[in-house]
Amino acid sequence: MLTEVVPADAVPPEAAVSEPAPDRFDETLVSILAADLAHSIEQRLGIEIPSLIEATLENLEHDLRRGIVAATEAALRDFLDRRQQLRLPLDEPQRQD
885 MLTEVVPADA
895 VPPEAAVSEP
905 APDRFDETLV
915 SILAADLAHS
925 IEQRLGIEIP
935 SLIEATLENL
945 EHDLRRGIVA
955 ATEAALRDFL
965 DRRQQLRLPL
975 DEPQRQD
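Heads up, the sequence shown is in the numbering used here, so the first residue is 885 and it goes up one at a time.
In structure tokens form, the structure reads like this:
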């Protein structure tokens with residue numbers, strides 16, 4: 885926290901005047917910065933992606949199991965409902981010879 889007030893005449897003139905921003909960027913510096921940024925992103929993704937893929941696969945496995953169970957339960961309910969509507973015996977009919 886600043887608590888001291890500095891009068892304007894106490895500030896040296898070179899500190900008060902800031903240089904104007906250049907109209908063009910140095911292409912070499914831009915290339916170096918872009919390469920450094922790309923390298924940083926690549927490193928971070930290399931570290932993070934395996935755990936992200938693992939978490940995604942765990943969620944996918946859970947969702948797949950839940951979907952299979954739900955589909956199987958629905959098929960069993962449908963099967964039992966049809967059997968009850970038709971009043972079909974569950975045993976094979978006896979053959980008469």
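For glycine and all other residues, C-beta sits at the position ideal for the given N, C-alpha and C.
In angstroms, rounded to a whole number, what distance separates the CA positions of residue i and residue j?
i: ASP965; j: GLU957; result: 12 Å
i: THR940; j: ARG928; result: 18 Å
i: GLY930; j: LEU936; result: 11 Å
i: ALA892; j: PHE909; result: 32 Å
i: GLY951; j: ILE925; result: 36 Å
i: SER915; j: HIS923; result: 12 Å
i: THR912; j: GLU888; result: 42 Å
i: ALA955; j: LEU970; result: 23 Å
Which residues in the same chain as residue i place their Cβ atom closer than 7 Å to its Cβ, once the five residues preceding and following it in sequence are excluded?
i: ALA894; result: none
Is there a C-beta anywhere in chain C that falls below 8 Å from the one on residue i?
i: LEU970; result: Although the question refers to chain C, the structure presented lacks it and comprises just one protein chain.
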